[in-house]
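Peer 1:
Protein chains: 2
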Amino acid sequence: MIATKFDPHDIAILRLLQREGRISINDLAERVGLSPSPVARRLRILEEAGIVTGYAALIDEAALGYEFSVFVSVKLDRQVDDALARFESAIRSFPEVVDCWLMTGNRDYLLRVATRGLADFERFLTGTFTKIPGVASIESSIPLRRVKAGLARTLDS
Amino acid sequence: MIATKFDPHDIAILRLLQREGRISINDLAERVGLSPSPVARRLRILEEAGIVTGYAALIDEAALGYEFSVFVSVKLDRQVDDALARFESAIRSFPEVVDCWLMTGNRDYLLRVATRGLADFERFLTGTFTKIPGVASIESSIPLRRVKAGLARTLDS
DNA sequence: GATTTTTTGGTTATTTATATCAAAAAAATT
DNA sequence: AATTTTTTTGATATAAATAACCAAAAAATC
Numbered sequence: 825m826i827a828t829k830f831d832p833h834d835i836a837i838l839r840l841l842q843r844e845g846r847i848s849i850n851d852l853a854e855r856v857g858l859s860p861s862p863v864a865r866r867l868r869i870l871e872e873a874g875i876v877t878g879y880a881a882l883i884d885e886a887a888l889g890y891e892f893s894v895f896v897s898v899k900l901d902r903q904v905d906d907a908l909a910r911f912e913s914a915i916r917s918f919p920e921v922v923d924c925w926l927m928t929g930n931r932d933y934l935l936r937v938a939t940r941g942l943a944d945f946e947r948f949l950t951g952t953f954t955k956i957p958g959v960a961s962i963e964s965s966i967p968l969r970r971v972k973a974g975l976a977r978t979l980d981s
Numbered sequence: 825m826i827a828t829k830f831d832p833h834d835i836a837i838l839r840l841l842q843r844e845g846r847i848s849i850n851d852l853a854e855r856v857g858l859s860p861s862p863v864a865r866r867l868r869i870l871e872e873a874g875i876v877t878g879y880a881a882l883i884d885e886a887a888l889g890y891e892f893s894v895f896v897s898v899k900l901d902r903q904v905d906d907a908l909a910r911f912e913s914a915i916r917s918f919p920e921v922v923d924c925w926l927m928t929g930n931r932d933y934l935l936r937v938a939t940r941g942l943a944d945f946e947r948f949l950t951g952t953f954t955k956i957p958g959v960a961s962i963e964s965s966i967p968l969r970r971v972k973a974g975l976a977r978t979l980d981s
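Heads up: the protein sequence lines correspond to chains A and B, in order. For the first sequence, our numbering assigns the number 825 to the initial residue and increments by one for each residue that follows. For the second sequence, our numbering assigns the number 825 to the initial residue and increments by one for each residue that follows.
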């Protein structure tokens with residue numbers, strides 16, 4: 825099932841929903857220059873085709889107290905499928921791990937961990953993270969500030 | 825204006841909205857065990873207090889063709905405010921840059937760039953990115969696969 | 001150029017959101 | 001401990017949005 829090509833109306837719909845995920849169909853329709861019916865139908869198709877995978881409320885991490893992020897790069901003992909799968913399964917179960925990528929190069933994973941502060945981070949690292957079997961070494965980098973907060977590529981240009 | 829403390833109802837509302845950003849107030853109410861009115865009011869307050877900063881449709885990057893991400897770490901010539909501000913302003917204007925952090929340590933910025941492929945990435949790098957004044961050196965790391973896709977810390981635990 | 005297919009936009013029934021207010025619950029005061 | 005005050009809730013009514021249907025228009029195909 826190859827995704828059929830999007831026309832400019834679809835792009836306009838996606839672009840608006842990327843920034844205003846709770847906008848009404850009526851408002852959407854007005855701003856893309858169509859009537860509500862076709863917009864609702866197009867959106868339903870985009871959802872069913874898996875282009876729009878969901879909707880999320882954006883919540884201020886700092887307001888919740890999770891303003892302290894750390895980038896952690898990880899090296900595993902062995903890089904066989906089994907070891908990767910076990911590591912990834914653990915990662916997915918930790919709410920502290922916000923984002924995680926399998927990397928090329930000399931490090932195996934890059935992830936971002938969000939906690940309430942250095943103390944919480946240490947607790948997570950020593951109490952939980954390093955207990956994952958197969959973790960050979962980790963390297964932490966601490967950001968000062970987020971410059972641009974992205975979910976996915978925006979349809980801006 | 826300090827954010828007033830959240831009670832369990834607020835947490836439940838935020839948790840659901842984090843995963844189902846377009847859920848109706850009625851459904852929300854049913855699932856948090858309140859009637860619609862107080863849920864609507866609580867949500868409005870959370871929005872006005874800046875806890876909920878917005879809503880976004882989650883769009884499959886791959887379906888749009890932007891399946892190729894690169895992590896780029898950047899070092900600037902100088903680290904004076906002026907240089908940082910100019911760099912960050914440029915970064916914010918590039919839709920290719922999905923995410924960007926100001927870092928401690930020997931590198932100044934860490935960012936993720938999403939493009940259609942290696943060719944597009946090279947075009948962006950040589951044609952756009954390296955033209956930003958003050959960029960001294962860059963280092964690219966290529967991920968194989970995203971293991972966990974995060975927006976922000978989830979309220980799972 | 002006629003026919004088929006796709007897309008649109010109007011209509012209506014149903015669902016959802018918003019504003020208001022009285023009752024209940026919680027907190028504060030005496 | 002009882003009363004007052006404040007806060008939160010839930011019901012109701014009104015307005016708005018959504019979803020399903022269908023005929024008309026546009027686009028594509030032959």
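Glycine residues also receive a C-beta, built at the ideal position from the N, C-alpha and C atoms. Please read these numbers as outputs of a predicted model, since none were measured by experiment.
Is it true that the CB of THR928 (chain B) sits closer than 8 Å to the CB of LEU968 (chain A)?
Peer 2: yes
Peer 1: Please report the straight-line C-alpha distance between ARG855 (chain A) and ALA960 (chain A), rounded to a whole angstrom.
Peer 2: 53 Å
Peer 1: Can you list, in chain order, the residues of its chain with a C-beta nearer than 6 Å to that of TYR879 (chain A)? Leave out the 5 residues immediately preceding and following it.
Peer 2: Closer than 6 Å at the Cβ level, and outside the excluded window around TYR879 (chain A), lie GLY845.
Peer 1: Anything in chain A within Cβ reach of ASP906 (chain B), meaning under 7 Å, just list it in chain order.
Peer 2: Result: empty, since nearest Cβ-Cβ is about 15 Å, beyond 7 Å.
Peer 1: Ignoring anything shorter than 3 residues or poking outside the stretch 899 to 942 of chain B, list the beta strand (DSSP E) runs there in chain order.
Peer 2: 921 to 927, 933 to 939
Peer 1: Compare the C-beta of VAL842 (chain A) with all C-beta atoms of chain B and state if any pair is closer than 8 Å.
Peer 2: Looking at the sequence itself, residue 842 (chain A) is Gln, so the reference to Val does not match. Yes, contact with chain B.
Peer 1: Measuring CA to CA, which of B:ASN850, B:LEU867, B:LEU841, B:ARG970 is closest to TYR933 (chain A)?
Peer 2: It is B:ARG970 whose Cα lies nearest to the Cα of TYR933 (chain A).
Peer 1: Under 8 Å, with one C-beta from each stretch per pair, do the stretch 940 to 954 of chain A and the stretch 973 to 980 of chain A reach the 3-pair mark?
Peer 2: no
Peer 1: From MET825 (chain B) to PRO919 (chain A), what does the alpha carbon distance come to, in whole angstroms?
Peer 2: Because the pLDDT of MET825 (chain B) is 39, which lies under 50, any placement of that residue in the model is unreliable, and the number read from its coordinates should be weighed accordingly. About 28 Å.
Peer 1: Taking one C-beta from the stretch 859 to 869 of chain A and one from the stretch 883 to 899 of chain A each time, how about it: are there three or more such pairs within less than 8 Å?
Peer 2: Judged by Cβ distances under 8 Å, the stretch 859 to 869 of chain A makes no contact with the stretch 883 to 899 of chain A, as fewer than three pairs qualify.
Peer 1: Which residues does DSSP list as the beta-bridge partners of VAL876 (chain B)?
Peer 2: A:ILE883
Peer 1: Spell out whether any CB of chain B is found under 8 Å from the CB atom of PRO860 (chain A).
Peer 2: no
Peer 1: Going along chain B in order, which residues have a C-beta closer than 7 Å to the C-beta of ASP884 (chain A)?
Peer 2: GLY874, ILE875, THR877
Peer 1: So what's ARG977 (chain B) in DSSP terms, helix, strand or just coil?
Peer 2: coil
Peer 1: Along the stretch 900 to 927 of chain B, where does the CB come closer than 7 Å to a CB of chain A? Name the residues.
Peer 2: GLU912, ILE915, ARG916, PRO919, VAL921, VAL922, ASP923, CYS924, TRP925, LEU926, MET927
Peer 1: Say whether chain A places a C-beta atom closer than 8 Å to the C-beta of ALA880 (chain B).
Peer 2: For ALA880 (chain B), a Cβ of chain A is located within less than 8 Å of the residue's own Cβ.
Peer 1: Buried or exposed: where does SER913 (chain A) fall if 16 or more other Cβ atoms within 10 Å of its Cβ makes it buried?
Peer 2: exposed
Peer 1: Using the C-alpha atoms, what's the distance from GLU872 (chain A) back to SER859 (chain A)?
Peer 2: Cα to Cα, the separation comes out at about 21 Å.
Peer 1: Return the first residue and the last residue of the beta strand (DSSP E) that PRO832 (chain B) is part of.
Peer 2: Unbroken run through PRO832 (chain B) is the alpha helix (DSSP H), 832 to 843; no beta strand (DSSP E).
Peer 1: Which bits of chain A does ARG977 (chain B) rub up against, with CB to CB less than 7 Å?
Peer 2: Within chain A, the residues near ARG977 (chain B) are GLU885, LEU888, TYR890, PRO919, VAL922, ALA938.
Peer 1: Is it the case that the Cβ atoms of ASP923 (chain A) and LYS972 (chain B) are separated by a distance below 8 Å?
Peer 2: Taking 8 Å as the Cβ cut-off, ASP923 (chain A) and LYS972 (chain B) qualify as a contacting pair.
Peer 1: Could you list the residues in the stretch 950 to 970 of chain B with a C-beta less than 7 Å from some C-beta on chain A, going in chain order?
Peer 2: SER965, ILE966, PRO967, LEU968, ARG969, ARG970
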